[in-house]
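Peer 1:
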Amino acid sequence: MAEKRAASTNMTRSDKAHKKFMDKLNVLRDNVNHGYDSLKAVHKQTTDSAVSFKETVDKGQEAERKELYDIIKTSEDEEKIQWAKERIQELDRIKEKEVNGHNEFLKEEREKTDRNITGGMILVAVAGGLISNKQVRQMSGKAISSVGKSLLRLKK
Numbered sequence: 004m005a006e007k008r009a010a011s012t013n014m015t016r017s018d019k020a021h022k023k024f025m026d027k028l029n030v031l032r033d034n035v036n037h038g039y040d041s042l043k044a045v046h047k048q049t050t051d052s053a054v055s056f057k058e059t060v061d062k063g064q065e066a067e068r069k070e071l072y073d074i075i076k077t078s079e080d081e082e083k084i085q086w087a088k089e090r091i092q093e094l095d096r097i098k099e100k101e102v103n104g105h106n107e108f109l110k111e112e113r114e115k116t117d118r119n120i121t122g123g124m125i126l127v128a129v130a131g132g133l134i135s136n137k138q139v140r141q142m143s144g145k146a147i148s149s150v151g152k153s154l155l156r157l158k159k
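With our numbering applied, the sequence shown corresponds to residues 4 to 159, in that order.
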């Protein structure tokens with residue numbers, strides 16, 4: 004009768020090396036995903052801030068605008084009506100200037116943040132590309148291309 008060998012439950016050296024490699028690959032993937040999530044969060048915060056600032060400017064001018072509209076509706080004096088219309092146009096210009104200035108500031112800051120986050124993600128991906136293992140290099144390439152595509156989508 005042939006002897007049956009008991010299957011060993013111990014991990015071989017190659018099993019341990021593979022597990023270690025897969026752990027490193029998962030860390031790389033997690034870092035890239037974290038960077039992308041950070042980009043989405045920054046994009047959302049920027050958009051929310053722009054909307055909030057516009058609402059704040061609107062509320063700041065609300066009382067004066069209401070008074071001016073009342074003057075236009077109720078006044079008999081053409082000169083006063085004309086003044087109220089000009090003041091409303093001036094308020095519109097002020098609001099537009101303030102909102103545009105704030106949006107420009109947010110855009111510049113978001114671009115800086117995006118560059119920093121993207122640079123970190125690319126650094127992680129390039130570091131993965133320097134590893135001699137083919138699987139890690141492929142993962143790094145996918146990470147770089149997915150980040151690039153995602154950034155293009157966020158800019159729209």
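For glycine and all other residues, C-beta sits at the position ideal for the given N, C-alpha and C.
It should be emphasised that the depicted structure is a prediction, and the values quoted were computed from it without experimental measurement.
For the alpha helix (DSSP H) that residue 18 lies in, which residues bound it at each end?
Peer 2: Looking at the DSSP string, the run of the alpha helix (DSSP H) that includes residue 18 is 16-77.
Peer 1: Would you mind sorting residue 87 into buried or exposed? The rule is 16 or more other CB atoms within 10 Å of its CB.
Peer 2: Classification of residue 87: buried, given that the 10 Å Cβ count is 16 or more.
Peer 1: So the candidates are 49, 90, 110; which of them puts its Cα closest to the Cα of residue 70?
Peer 2: Checked all of 49, 90, 110; the closest Cα to residue 70 is 90.
Peer 1: Taking only three categories from DSSP, how would you classify residue 80?
Peer 2: Here residue 80 sits in coil by DSSP.
Peer 1: Using a 10 Å radius around the Cβ and a threshold of 16 neighbouring Cβ atoms, would you call residue 72 buried or exposed?
Peer 2: So residue 72 counts as exposed.
Peer 1: Pop quiz: residue 45 and residue 118 are said to be a contact at Cβ under 8 angstroms. What is the actual Cβ separation, rounded to whole angstroms?
Peer 2: About 11 angstroms; that fails the 8 angstroms criterion.
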